[in-house]
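Chains as they are written, first to last, in the working numbering: chain A, 6 to 292; chain B, -2 to 290.
All C-beta atoms, glycine included, are put in the ideal place defined by N, C-alpha and C.
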């Protein structure tokens, strides 16, 4: 091989290395952009208000939990937290239970309208919740459940169905029919088949649906803001928004309250990020 | 077997509860909303039928028009901000990067965090006194650029779009990356044998084959930006002087603050129509034939 050829090979491998390094620099820079603000919140939540001004970037002088105490005592964050848990857990349980059942009927049972039913549910992916909040407010007012947790839970359940049913029917359609046949031979009823065979083998899809519904409900501001009026029934996002108005000078405590709000989502994400990513992009990939 | 799976009563028990909840609390309210939008009502005293007056008033309402324009700017801004950046990052991760899974997980994380918390986090960053952005500009010797970012009506919408980007670029990247992984590996192999560069591979294999998903992603971005609410509600409340007012915040204000529910319902219908219109428009723009491979 002549010298020119060798130079060429060297250059191109050098070029590839440089590109490789650049790639990691870009990716790491973006990863830091995503992570640093969240890390900053955690660090700042242990600082005093004065420290926030003097030393916004670094570690706190000492990790003091004063901000958390004032967020809990003055900001009533624990009450909001409890309300958020009640609403999110109830919405998840109801949504998962009913959507699994209807998905089973759509994907496995033999009836003429099953395809039509699926299409009607899928239509819901296009409906913005804004086109329903005024009428829902009026309906809830008439049946007297305004300012109860039910008023927030019910619309969340209804609007979770399209995504949930999309994911679940997709999975249920792949179960081999022999499983049910064998169970029927053994004299199992449909209900036993559903609860003792179908639900356990659908566990992964059910978890996906559950975590996505949980995250949506936990993070939502609009519905509790509209349907709840009592402070004592409010959820964390509403509480945070109020906190901002009332204690707008005590930034450190506000930051602690923000940390308390995002910790559950982050823990759930760290544990189940695979399901969450799969579930949150599922609707997009049906095309 | 078919007899068991076709039993009408069992089917009803399984399907009806979800269907009833969905019908009563998601589908029916849309029609009820159209009805309410034809009235002047505070939902307490008797409603007055006004026909299409709420809609004609919307056309004359300068704040609503401002909100509509802002929504369009948000849509355009989000499309420009999300699609290329997500595509770029997705393509980087697509090329057998070490730690690809780690990067994906990190990039996606902001999208699972509560919008109110994200909004507050960024009001701290934009804060004029201790905000990170101003401090960063000072350390870089650009102290004359520091300002109260969210109080300046010329830059505030741009500031909000940056936050939306921070929160959702990773989400869109994961969607596009999933699409890229569906492209058959054999196509790239034969391209490599033919000596095609990375760019050529992207331009002539990846891009055309994920066009369909890009379309769906564009739909998600557009309908998503029509629906932003919590970020704005927390960061600016639609201010200063309606510079960041969106249809969602304006609808909330008209309905649940000034109790003009008919008017608010009309805004809801406009939002619904815009979402449907966006879907049709994007279907036309991205008319792509299915590829055989």
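Test: residue 83/B CB closer than 7 Å to a CB of chain A: In the second chain, the residue the question calls residue 83/B occupies position 86. No, residue 83/B lies away from the interface with chain A (no Cβ there is under 7 Å from its Cβ).
Own chain, CB closer than 7 Å to residue 256/B, minus 5 neighbours either side, in chain order: Residue mapping note: residue 256/B aligns to position 259 of the second chain, counting from 1. Hits under 7 Å: 39.
Range covered by the alpha helix (DSSP H) that runs through residue 119/A: Stepping through the first chain from its first residue, residue 119/A is reached at position 114. Residues 119 to 128.
Three-pair Cβ contact test at 8 Å for the segment 212 to 230 of chain A versus the segment 100 to 111 of chain A: yes
Partner residues on chain A for residue 88/B, Cβ-Cβ distance less than 9 Å: In the second chain, the residue the question calls residue 88/B occupies position 91. Within 9 Å Cβ-Cβ: nothing; residue 88/B doesn't reach chain A, min ~10 Å.
Residues, ordered as in the chain, of the segment 13 to 40 of chain B that lie near chain A by beta-carbon distance below 7 Å: 14, 15, 16, 18, 19, 22, 23, 26, 27, 29, 30, 33 and 40
Buried versus exposed, by CB contacts within 10 Å (16 or more), residue 77/B: Here residue 77/B refers to the residue found at position 80 of the second chain. That one is exposed.
Pair within 7 Å by beta-carbon distance, residue 87/B and residue 162/B: Here residue 87/B refers to the residue found at position 90 of the second chain. Here residue 162/B refers to the residue found at position 165 of the second chain. It is not a contact, given that the beta carbons lie outside the stated cut-off.
Residue 48/A Cβ short of 6 Å to the ligand NAD heavy atom set: Among the ligands in the structure shown, none appear at all, so the ligand NAD cannot be discussed.
Spatial distance of residue 14/B from residue 143/A (CA atoms): To locate residue 14/B, count along the second chain from 1; it is residue 17. To locate residue 143/A, count along the first chain from 1; it is residue 138. Going by the C-alpha atoms only, they are around 22 Å apart.
Test: residue 252/B CB closer than 7 Å to a CB of chain A: Here residue 252/B is taken as the residue at index 255 of the second chain, counted from 1. Yes, its Cβ sits closer than 7 Å to a Cβ of chain A.
Cβ-Cβ distance between residue 164/B and residue 108/B below 7 Å: By one-based count along the second chain, residue 164/B stands at place 167. By one-based count along the second chain, residue 108/B stands at place 111. Yes, they are a contact pair.
Assigned secondary structure, residue 127/B (DSSP; H/G/I helix, E/B strand, else coil): On the second chain, position 130 is the one that residue 127/B refers to. Of the three classes helix, strand and coil, the one that applies to residue 127/B here is coil, per DSSP.
Complete alpha helix (DSSP H) runs within the segment 115 to 166 of chain B (minimum length 4 residues, chain order): 129 to 136
Cβ neighbour criterion (16 or more within 10 Å) applied to residue 6/B: To locate residue 6/B, count along the second chain from 1; it is residue 9. It is exposed - the Cβ of residue 6/B has fewer than 16 other Cβ atoms within 10 Å.
Cross-chain neighbours of residue 69/A in chain B, by beta carbon under 8 Å: The sequence position of residue 69/A within the first chain is 64, counting from 1. Ordered by position in chain B, no residue passes the 8 Å Cβ test against residue 69/A, which lies about 18 Å from the chain.
Which listed residue (42/A, 117/A and 269/A) has its alpha carbon closest to that of residue 222/A: Mapped onto the first chain, residue 222/A falls at position 217. A check of alpha carbon separations from residue 222/A across 42/A, 117/A and 269/A identifies 269/A as the nearest.
Helix, strand or coil at residue 200/A [DSSP, three-state]: Counting from 1 along the first chain, the entry for residue 200/A is found at position 195. Helix at residue 200/A.
Range of the contiguous alpha helix (DSSP H) that encloses residue 272/B: In the second chain, residue 272/B corresponds to position 275, counting from 1. It spans 258 to 282 - the alpha helix (DSSP H) in which residue 272/B sits, taken as one unbroken run.
The segment 132 to 142 of chain B contacting the segment 10 to 29 of chain B, beta-carbon criterion three pairs below 8 Å: no
Beta-carbon separation (whole angstroms), residue 242/B vs residue 62/B, contact threshold 8 Å: As a first step, residue 242/B must be located in the second chain, where it is residue number 245. As a first step, residue 62/B must be located in the second chain, where it is residue number 65. Contact between residue 242/B and residue 62/B is ruled out by a C-beta separation of about 10 Å, above the 8 Å threshold.
Closer than 7 Å at the beta carbon, the chain B residues around residue 20/A: Residue numbering aside, residue 20/A sits at position 15 when the first chain is read from its first letter. Those do not exist, as residue 20/A stays about 12 Å from chain B at its closest Cβ, beyond 7 Å.
Proximity test, Cβ basis, 7 Å: residue 278/A and chain B: Counting from 1 along the first chain, the entry for residue 278/A is found at position 273. At least one chain B Cβ lies under 7 Å of residue 278/A.
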